[in-house]
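>
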């Protein structure tokens with residue numbers, strides 16, 4: 159049995175959220191630069207240039223990539239041989255969120271009562287935490303402070319099995335088209351197919367964590383990713399909705415077996431200001 163102190167979790171969460179707020183991942187930056195070179199629209203190229211410049215300023219000046227510093231989602235993989243000591247695991251994560259948002263002067267966007275008073279909690283807690291028990295003696299923490307503009311464009315479709323692959327393509331393209339400029343394109347599209355409704359939604363969000371344009375290891379899924387990326391970019395929405403061929407940077411698909419009467423499909427969009435980091439303790 160390996161012991162991990164709760165304070166280590168708090169420190170790790172705070173550090174990850176700090177880095178996520180100020181530093182665009184290298185893989186995303188490289189894809190943005192590549193997209194700028196290929197973008198045929200002059201306004202689209204100029205917009206991508208501004209996004210790349212914004213990332214450089216944020217890193218250099220230690221300023222948030224976006225004014226919306228998101229609501230925090232934490233994916234926690236706990237090894238079955240791990241024992242957390244010196245405090246509660248969930249509260250250790252929440253303490254890390256408080257520390258990051260208060261000390262980093264990040265905008266607090268969480269309201270306690272969702273449909274009446276909507277009073278700000280003042281420290282961006284609580285985070286949404288998804289916990290998975292895995293083999294081994296390690297603890298993996300992944301944070302995703304996701305902005306409201308992209309989160310609001312999440313869609314769940316309960317398709318009929320007969321709609322199949324074509325139904326999936328039609329639904330995803332429609333979801334992106336209807337989202338328009340709201341999720342601040344160019345976006346990364348996370349797709350969950352199968353399982354149950356809530357499982358599909360979780361898969362779609364976890365799909366956003368994959369390195370940009372790292373194809374699915376499943377050949378069938380990888381082919382669908384390529385086709386969807388082409389069709390989405392043919393919509394002409396373009397960077398920030400100003401028109402062009404760069405509406406999405408990548409499409410990532412995760413699948414799971416499902417009931418013979420069901421075909422759940424979830425679509426999660428992540429804006430160009432990609433904010434997620436991970437570490438293993």
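In my numbering, the protein residues as written are 159 to 439.
Ideal Cβ positions, reconstructed from N, Cα and C, are used throughout, including at glycine.
Shortest alpha-carbon distance to residue 280 belongs to which of 266, 286, 292, 274?
Position 122 of the chain shown holds residue 280. Here the closest residue by C-alpha is 266.
> Specify, as a first and last residue, the run of the beta strand (DSSP E) that residue 273 falls within.
Here the question's residue 273 lines up with position 115 in the chain shown. No beta strand (DSSP E) contains residue 273, which DSSP labels as neither H nor E.
> Let me check understanding here. Comparing Cα to Cα, which of 230, 377, 355 lies closest to residue 300?
Here the question's residue 300 lines up with position 142 in the chain shown. Nearest C-alpha to residue 300: 230.
> Indicate the three-state DSSP secondary structure (helix, strand or coil) for residue 197 in the structure shown.
Here residue 197 is taken as the residue at index 39 of the chain shown, counted from 1. Of the three classes helix, strand and coil, the one that applies to residue 197 here is coil, per DSSP.
> Just to confirm the assignment, what range does the alpha helix (DSSP H) spanning residue 167 have?
Reading the chain shown from its first residue, position 9 is the one you call residue 167. It spans 164-180 - the alpha helix (DSSP H) in which residue 167 sits, taken as one unbroken run.
> Could you tell me which of 412, 393, 343, 354 sits nearest to residue 362, measuring between CA atoms?
Indexing the chain shown from 1 puts residue 362 at position 204. The candidate whose alpha carbon is nearest that of residue 362 is 412.
> Thinking C-alpha only, which one of 385, 354, 403, 410 is nearest residue 373?
Within the chain shown, the letter at position 215 stands for residue 373. Cα-wise, what sits closest to residue 373 is 410.
> For the ligand PLP, is there a heavy atom less than 7 Å away from the beta-carbon of residue 315?
Of ligands this structure carries none, so the ligand PLP is not represented either.
> Please return the same chain residues whose Cβ sits closer than 6 Å to the Cβ of residue 386, not counting the five positions on each side in sequence.
Residue mapping note: residue 386 aligns to position 228 of the chain shown, counting from 1. Closer than 6 Å at Cβ, skipping near neighbours: 330, 409.
> Where does residue 420 fall in DSSP's three states?
In the chain shown, residue 420 corresponds to position 262, counting from 1. Coil, per DSSP.
> Which value, in whole angstroms, describes the spacing of the CA atoms of residue 425 and residue 394?
As a working note, residue 425 is residue 267 in the chain shown. As a working note, residue 394 is residue 236 in the chain shown. Roughly 19 Å separates the two Cα atoms.
> Please state the DSSP three-state secondary structure of residue 191.
Here residue 191 refers to the residue found at position 33 of the chain shown. Here residue 191 sits in helix by DSSP.
> Start and end of the beta strand (DSSP E) containing residue 433?
Against the chain shown, residue 433 aligns to sequence position 275. First-last for residue 433: undefined, no H or E at that position.
> Based on DSSP bridge pairs, tell me the residues matched to residue 317.
Here residue 317 corresponds to residue number 159 of the chain shown, with the count starting at 1. Partner(s): 421.
> Would you tell me roughly how many angstroms separate the C-alpha atoms of residue 220 and residue 388, rounded to the nearest one?
By 1-based counting over the chain shown, the position of residue 220 is 62. By 1-based counting over the chain shown, the position of residue 388 is 230. Taking the straight line joining both Cα atoms gives about 35 Å.
> What does residue 410 pair with, by DSSP beta-bridge criteria?
For this step, residue 410 is matched to residue 252 along the chain shown. In DSSP, residue 410 forms a bridge with 348.
> By how many angstroms is the C-alpha of residue 263 removed from the C-alpha of residue 400?
Within the chain shown, residue 400 is the residue found at index 242, counting from 1. Within the chain shown, residue 263 is the residue found at index 105, counting from 1. If I take the Cα positions, the gap works out to 31 Å.
> For the region 279-293 against the region 309-324, do three or more pairs of beta-carbon atoms, one drawn from each stretch, fall closer than 8 Å, so that the two count as touching?
No: fewer than three Cβ pairs fall under 8 Å.
> Would a C-beta distance cut-off of 8 Å place residue 427 and residue 337 closer than the cut-off?
For the purposes of this step, residue 427 is taken as the residue at position 269 of the chain shown. For the purposes of this step, residue 337 is taken as the residue at position 179 of the chain shown. Cβ distance < 8 Å, so residue 427 and residue 337 count as in contact.
> Please name the residue in 305, 174, 332, 277 whose C-alpha comes closest to that of residue 116.
Outside the shown range of the chain (159 to 439) lies residue 116, about which nothing can therefore be said.
> Taking the straight line between their C-alpha atoms, what separation do you get for residue 350 and residue 405?
Position 192 of the chain shown holds residue 350. Position 247 of the chain shown holds residue 405. Approximately 20 Å between the Cα atoms of the pair.
> Examine the Cβ distances between the region 195-208 and the region 304-313 and report whether three or more of them are shorter than 8 Å.
The region 195-208 is not in contact with the region 304-313.
> Do residue 216 and residue 206 have their C-beta atoms within less than 8 Å of each other?
Numbered from 1 along the chain shown, position 58 holds the residue referred to as residue 216. Numbered from 1 along the chain shown, position 48 holds the residue referred to as residue 206. Contact: no.
> In angstroms with no decimal places, state the Cα-to-Cα distance between residue 240 and residue 233.
Residue 240 sits at position 82 when you count from the first residue of the chain shown. Residue 233 sits at position 75 when you count from the first residue of the chain shown. Taking the straight line joining both Cα atoms gives about 16 Å.
> Since residue 420 and residue 302 are thought to touch, with beta carbons under 8 Å apart, how far apart are those beta carbons, to the nearest angstrom?
On the chain shown, residue 420 is found 262 positions in, with the first residue counted as 1. On the chain shown, residue 302 is found 144 positions in, with the first residue counted as 1. In fact, because the Cβ distance is near 27 Å, the residues do not count as touching under 8 Å.
> By Cβ distance, which residues of its chain are closer than 6 Å to residue 438, with the 5 residues on each side in sequence left out?
The sequence position of residue 438 within the chain shown is 280, counting from 1. Excluding positions up to five away in sequence, the list reads 296, 298.
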